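Numbering (our numbering), first residue to last: -19 to 163.
Have a look at this one:
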């Protein structure tokens, strides 16, 4: 790990402690400035505590943001394809990235974000269980962790929760079935 620091192009402060992203012009923004300018909710802070107790950004992760979509590409996977994660709706909904889109994300991340945001603007979302693209009015429900469920998957999700309740598979802290617990 290098000791290089990332500097926010807007406030010019050290951004290595936050979850910065790179905009379509190549500027680096700290989380605070990005939130103020875009209202994006950043997910997954890629940080670790260094030996000197300084929290350092994991520099092998790159964050991109465009049109209310955010992407994280984690390059710190030796011998394995980079991990690509995408969220839309200000970072509140997860998007399943297929193998072709992973390649597209590496080659041109803003083209992929532009395509996803175009579909969202057309009224589509993606079921986080079956990956089906559905119209917003066909959403059955919203499971945990930036999820969206089509009507079929929402019924299956609720059946699974009821089954967990019957089997006593509930969190001791909040009383929720394990599939609906954030503890």
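Even glycine gets a Cβ: it sits at the ideal position worked out from N, Cα and C.
Owing to the predicted nature of the structure, the values given are computational and were not obtained by experimental measurement.
Quiz item: Nearest CA to the CA of residue 49: which residue from 93, 13, -8?
Solution: Looking up residue 49 in the chain shown gives position 69. Residue 49 has its Cα closest to that of 93, out of 93, 13, -8.
Notebook entry, point to check: Whose C-alpha, out of 128, 151, 144, is nearest the C-alpha of residue 115?
Noted result: Within the chain shown, numbered from 1, the residue matching residue 115 stands at position 135. Cα-wise, what sits closest to residue 115 is 128.
(request) If I'm right that residue 75 touches residue 106 with Cβ under 8 Å, what's the distance once you round it to whole angstroms? (result) Walking along the chain shown from the start, residue 75 turns up at place 95. Walking along the chain shown from the start, residue 106 turns up at place 126. 6 Å between Cβ atoms; contact.
### Task
Return the residue from the list 134, 69, 88, 90 that minimises the CA-CA distance to residue 104.
Numbered from 1 along the chain shown, position 124 holds the residue referred to as residue 104. Comparing Cα-Cα distances from residue 104 to each of 134, 69, 88, 90, the minimum goes to 69.
_Looking at residue 126: is its Cβ nearer than 7 Å to the Cβ of residue 160?_
Here residue 126 corresponds to residue number 146 of the chain shown, with the count starting at 1. Here residue 160 corresponds to residue number 180 of the chain shown, with the count starting at 1. Not closer than 7 Å, so no.
Out of curiosity, what's the CA-to-CA distance linking residue 144 and residue 162?
Residue numbering aside, residue 144 sits at position 164 when the chain shown is read from its first letter. Residue numbering aside, residue 162 sits at position 182 when the chain shown is read from its first letter. One C-alpha to the other measures close to 15 Å.
Nearest-angstrom Cα distance between residue 102 and residue 96? In the chain shown, residue 102 corresponds to position 122, counting from 1. In the chain shown, residue 96 corresponds to position 116, counting from 1. Looking at the two C-alpha atoms, the distance is approximately 10 Å.
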